[in-house]
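Just so we're aligned, residue 0 is where the sequence shown starts under numbering that gives the first Met the number 0, counting upward by one.
For reference, the structure discussed in these notes is given below.
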Amino acid sequence: MVRPAVNADRHHADDLAELQRLLEASARSAGDALRETFAPQGHMLSALQLAAYFDRTRGFAFATVTAKGEPRVAPVGAVFYRAKFHIPTAAYSRRVADVRERNSVSLTHFVLGSVAVIVHGRAVVLSEVDPDFGALDVFHDGGTWWRELRAKRAGVYLRVDAERVYSWAADPLAFPA
0 MVRPAVNADR HHADDLAELQ RLLEASARSA GDALRETFAP QGHMLSALQL AAYFDRTRGF
60 AFATVTAKGE PRVAPVGAVF YRAKFHIPTA AYSRRVADVR ERNSVSLTHF VLGSVAVIVH
120 GRAVVLSEVD PDFGALDVFH DGGTWWRELR AKRAGVYLRV DAERVYSWAA DPLAFPA
C-alpha cells in the first residue's frame with residue numbers, strides 16, 4: 000500500500016515527535032467522561048496521521064474568552080504547520096483582541112461518526128515579522144478575503160500552542176500516515 004508522505008517543508012520531525020508525546024499524555028490524563036465518549040484506546044490518531052489528514056485547510060470551531068469570562072466560538076479555517084494549528088484572521092478582529100488579553104483557547108474539528116480532534120491551549124498572534132508567516136501564507140489559500148487583508152497588511156495568524164490534544168477516529172486505518 001502506498002501512503003502519502005508527510006510534507007517535510009510543512010512539519011519537522013521533532014515537531015511531530017513532540018505532538019505524539021502530547022497526544023499520548025493527553026489520552027492518559029483524560030477524564031472518565033472523555034474516555035467513555037471517545038474510547039481513545041484503539042481509536043486515537045497519531046501525529047503522522049494528523050499531519051496527513053490536515054495537509055490542507057479544514058474547518059474548525061475556535062473558542063476564545065471575553066473580558067467577562069464568556070466563551071465566544073466561531074467557525075474558522077486552520078492551517079496545520081510545524082504540528083500546530085494556525086488560524087488566519089484580521090488583526091482588528093474581536094478574537095485577536097481576546098487572545099491578546101486572555102490567550103486561553105480551544106479548537107475542535109469533527110466529522111460526526113468519523114473523526115474528532117480537540118485542542119486546548121494558548122494562542123499567540125503572529126504578524127508579518129514572524130519567521131513562519133511567509134510559510135503559512137504558502138500553505139494557506141485564503142481566497143479573496145485573505146488577499147485583501149494582506150494587501151492592507153491587516154492579516155495575522157493565531158498559532159495555538161497546545162497543552163492538550165485529543166484525537167479520535169471511528170476507523171483509524173482510514174487515516175493513512
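Ideal Cβ placement from N, Cα and C applies to all residues, glycine included.
Since the structure is predicted, the reported quantities are computational estimates derived from the model, not experimental observations.
Neighbour-count burial assignment, residue i, 16 or more Cβ in a 10 Å radius
i    : result
M0   : Low confidence applies to M0: its pLDDT is 37, below 50, so where it sits in the model is not reliable enough to give any reading.
S126 : exposed
A82  : buried
P3   : The predicted position of P3 is uncertain, since its pLDDT is 47 and thus under 50; a value taken from the coordinates is nonetheless stated next. Classification of P3: exposed, given that the 10 Å Cβ count is below 16.
A26  : buried
S113 : exposed
V164 : buried
D178 : The requested residue 178 is not part of the displayed model; the chain covers only 0 to 176.
G179 : Nothing about residue 179 can be read from this structure; the chain reaches only from 0 to 176.
V110 : exposed
S28  : exposed
A168 : buried
K151 : exposed
Near the ligand SAM: residue i beta-carbon under 6 Å from a heavy atom
i    : result
G133 : In terms of ligand content, the structure shown is empty, and the ligand SAM therefore cannot be addressed.
Residue i vs residue j beta-carbon contact at 7 Å
i    : j    : result
L135 : H85  : yes
H157 : A122 : For clarity, residue 157 is Leu in the given sequence; the question names His instead. A contact, by the Cβ cut-off of 7 Å.
G120 : D160 : yes
A89  : L148 : yes
P87  : H10  : no
D97  : T143 : no
V95  : V137 : no
Extent of the continuous alpha helix (DSSP H) to which residue i belongs
i    : result
G30  : Neither: G30 is in no alpha helix (DSSP H) and is coded neither H nor E.
L47  : 46 to 52
A134 : 132 to 138
T143 : 142 to 150
R94  : 93 to 100
Residue range of the unbroken beta strand (DSSP E) whose run includes residue i
i    : result
Y156 : 154 to 168
R57  : 57 to 64
V114 : 114 to 125
M84  : Sequence inspection shows Phe at residue 84; the Met mentioned does not correspond to that position. Residues 83 to 89.
F79  : 70 to 80
Cβ-Cβ separation, residue j to residue i (assumed contact under 8 Å), whole Å
i   : j    : result
R93 : A77  : Their Cβ separation, rounded to whole angstroms, is 18 Å, which puts R93 and A77 out of contact at 8 Å.
Y80 : D131 : 7 Å
Do the region 94 to 110 and the region 67 to 77 meet, that is, are 3 or more Cβ pairs less than 8 Å apart? Yes: the two stretches touch, three or more of their Cβ pairs being nearer than 8 Å.
Would you check if there are 3 or more beta carbon pairs closer than 8 Å linking the region 39 to 52 to the region 18 to 28? By the Cβ rule, the region 39 to 52 counts as touching the region 18 to 28, because three or more pairs are nearer than 8 Å.
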